[in-house]
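Residue numbers (the working numbering): 43 to 233.
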């Protein structure tokens, strides 16, 4: 059984989707949801689903003496970033080599890097007149959005799509594919 922590900064629809997806799994268990924001609705979602939560400040995130004991306490084997905004410190990446994945709301390498998250990405996609967008799941490295791509899923766009339409189309891909990709990566690690 692989025990995961989900790191979130916002409302937590992907977080809830992951917890629900793995709730009956024999191979993956969600033990902890970590947020950098005490007001993140993802914490409410996790609590409702019986998953422990923790809020970490910027300084705590950067402190190995805080983060490593937290992850050890819950016996975390794998970390999933699901709408997590801060950069993951190197010491966590080193402790979980190729065992941290992130979801990004664009087809990397386009529209990645610092400041490219959420609506900022969808606005950039719209402004560029892209004919498609999608989601990327990638490994986390010290380079923001620079890790190896695990999977990408695409959706067609029309010129009449608004930024909100683009966001909704991309979000549907996340709901459909993200848990399955996480499961495939984890099962590949544990086999």
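Note that the Cβ used here is the ideal one computed from N, Cα and C, for glycine as well.
Helix, strand or coil at residue i according to DSSP, with G and I counted as helix
| i | result |
| --- | --- |
| residue 213 | helix |
| residue 113 | helix |
| residue 62 | helix |
| residue 137 | helix |
| residue 103 | helix |
| residue 76 | strand |
| residue 55 | helix |
| residue 70 | strand |
| residue 121 | strand |
| residue 226 | helix |
Element boundaries [alpha helix (DSSP H), containing residue i]
| i | result |
| --- | --- |
| residue 88 | 83-90 |
Buried or exposed by the 16-neighbour rule on C-beta atoms within 10 Å, applied to residue i
| i | result |
| --- | --- |
| residue 74 | buried |
| residue 226 | exposed |
| residue 96 | buried |
| residue 87 | buried |
Where the beta strand (DSSP E) through residue i begins and ends
| i | result |
| --- | --- |
| residue 50 | 44-50 |
| residue 96 | 94-97 |
Ordered list of alpha helix (DSSP H) runs contained in the region 141-196, each at least 4 residues: Those alpha helix (DSSP H) runs which fall completely within the region 141-196 and span 4+ residues are 160-169.
On the three-pair Cβ rule with 8 Å, is the region 137-147 touching the region 114-124? Yes, the region 137-147 is in contact with the region 114-124.
Contact between the region 147-159 and the region 104-122 is defined here as three or more beta-carbon pairs at a separation below 8 Å; is this criterion met? No, because fewer than three Cβ pairs between the region 147-159 and the region 104-122 fall closer than 8 Å, the two stretches do not touch.
Tell me whether the region 208-220 and the region 181-189 touch, counting them as touching only if at least three CB pairs, one residue from each stretch, are closer than 8 Å. No contact exists between the region 208-220 and the region 181-189.
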